[in-house]
Each structure stands twice: as C-alpha cells, then as structure tokens.
Amino acid sequence: SFQAIQFKLADMATRLDAAEMLILKAAWLESNDLPFEKEAAQAKMYASDTAMDAAIEGVQILGGYGYINEYPMERHMRDAKITQIYEGTNEIMRIVIARNILGKRKK
C-alpha cells in the first residue's frame, strides 16, 4: 500500500539523516584535534549499513524492476554493498568501536 511505502521512505530518510549527523560529529572532532576513532568507525559502519538497507528497501519497493540493469536501483544496491567492505569492513569497524568503548585502543 501507499502508506507502507511512505513508512519505508520515512524510516530511510530518518536513518540517512542520523548517519549524516554521525559523520558530521566525527568530522568536527577530527577538525578540533580531538580523538575521533570511535566516532569515525561508528559513522562508517552506520552509514554503509543504512545505505545497504535503503537500497534493499528500494529494490523491494520497485519489485522486479529493482533487479533490472536498466534501472539505477540495481546499481545503487551494488554501490551500497561495496561501502560495507572497502576502507575496513563493518566487522572491523565494530571491533574498533568495541575497543574504544572498553578502553582497549590498539597501539
């Protein structure tokens, strides 16, 4: 239904805005010469997971058209997936975050 799609879009927009805020926080910390390793890892992990989730939802909304090469949604899903892998996998980001929370920073 149209309302179900509206809910999906609202959730995607909210998560994308939250990801942007995490990115801005990490950038602010770095630009002010403050520790930012945890925040950068959180931003990378959350933003890439959010991008992948949004792409999957987009494919779901479009149905079969979401998988066809002629439509950009299929490319968006591939592009989102690579963000979870390059510059450190999200599993590595979770290790970085956990080490920072537990006070066990890698030296």
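Per this note's numbering, the very first residue in the sequence shown carries number 95; after that it's consecutive.
We treat Cβ as the ideally placed atom computed from N, Cα and C, and that holds for glycine.
- Cβ contact annotation for A120 (same chain, cutoff 6 Å, sequence separation greater than five): F130, E133, A134, A137, in chain order.
- The alpha-carbon of E114 is positioned some 8 Å away from that of A141.
- Measuring C-alpha to C-alpha distances from P166 to each of L196, Q178, I150, T177 identifies I150 as the nearest.
- Boundaries of the alpha helix (DSSP H) around I189: 184-196.
- Residues K138 of the same chain have their beta carbon placed closer than 8 Å to that of E181, with the five preceding and five following residues left out of the count.
- Boundaries of the alpha helix (DSSP H) around Q154: 131-156.
- According to the DSSP assignment, L123 belongs to the alpha helix (DSSP H) that extends over 96-125.
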